[in-house]
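Heads up: the structure comes next, in structure tokens.
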Amino acid sequence: MMGFSAFLDQLWLARYVILKGLGVTVSISLMSIIAGSLLGVLVGLSLVYGNRALRLVVRAYTDVIRGTPVLVLVLASYYVLSTVGIELGPFQAGVLALAIFCSSHVGEIVRGGLQAIPRGQTEAAKAIGLTFGQTFAYVLWPQALRQFLPAWVNTAAEMVKASTLLSVIGVAELLLRTQEIISRNFMSLQFYFFAGLLYFVINYGIERFGKYVERKTAIPA
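Using UniProt numbering, the first residue of the sequence shown is number 1, and each one after it goes up by one.
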């Protein structure tokens, strides 16, 4: 009981540090998920509807990025880009790396969702005079969204967990802040468990958001 009381005391003293780290983690995750998803949609469209040259380039991009560890992308975004004159701070480099990694996975998810739609759907849309934009917006996208939404939720959750790697380039996210607190009070088990609980809450929120969108886009029985 005394140990738990001491943990609560230390947690109260470190509350602002933890909140700052949590805010950075949420910001990085949200920005990388949004940017990566938008870019991933373009990647998926290119893989399905692009010409041969574009498909080859985008396929090479997705294969290389998906086969590269996230940590390597993070280090490359921060250290390698600076050697060619692109100066990014740790936060910006981290968001860029995670967004690029996210886009490669979302691109494959979108590609799979679009290619799973029967070709007759597109032909029927053409038959009634819909343009490609109208066909995509009103016929293809709603159906593909229902199929790839669960996989997108998993990818979004992976981005939250991958944000812990940004501590290696000095981003003061939740894990780095937790390590700083532990270095002062040596309560490793308690604070790592608490940090894990916070990561769970973030990912649970993403899961509930995905369920909400899934209900909104479901076809009424």
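Ideal placement from N, C-alpha and C gives every residue a C-beta, glycine not left out.
If you're wondering where the values come from, they're calculated on a predicted model, not measured in any experiment.
An exposed status is given to residue 129, since fewer than 16 other beta-carbon atoms sit within 10 Å of its beta-carbon. Spatial neighbours of residue 95 in its own chain (CB-CB distance under 8 Å, excluding positions within 5 residues in sequence) are listed in chain order as 28, 31, 32 and 35. The continuous alpha helix (DSSP H) containing residue 154 extends over residues 141-162.
At the C-beta level, residue 195 and residue 175 come within 8 Å of one another. The way I'd put it, the region 102-115 does touch the region 62-69; three or more beta-carbon pairs between them come closer than 8 Å. At the C-beta level, residue 98 and residue 162 come within 8 Å of one another.
Secondary structure of residue 133 (DSSP, three-state): helix. Rounded to whole angstroms, the separation of the alpha carbons of residue 67 and residue 58 is 14 Å. Counting C-beta atoms within 10 angstroms of its own C-beta, residue 115 has fewer than 16 neighbours from the protein chains shown and is therefore classed as exposed. Residue 169 and residue 76 do not touch by the CB rule: their CB atoms are close to 11 Å apart, not below 8 Å. Collapsing the DSSP output to three states places residue 31 in a helix.
Counting C-beta pairs with one atom in each stretch, the region 143-154 and the region 201-213 have three or more that are closer than 8 Å, which means they touch.
Distance from the CA of residue 218 to the CA of residue 190, rounded to the nearest whole angstrom, comes to 42 Å.
Cβ neighbours of residue 3 within its own chain (closer than 7 Å, five residues either side excluded): none.
The three-state secondary structure of residue 68, taken from DSSP, is coil. For residue 206 and residue 19, the gap between their C-alpha atoms comes out near 19 Å.
Taken through DSSP and simplified to helix, strand or coil, residue 128 comes out as coil.
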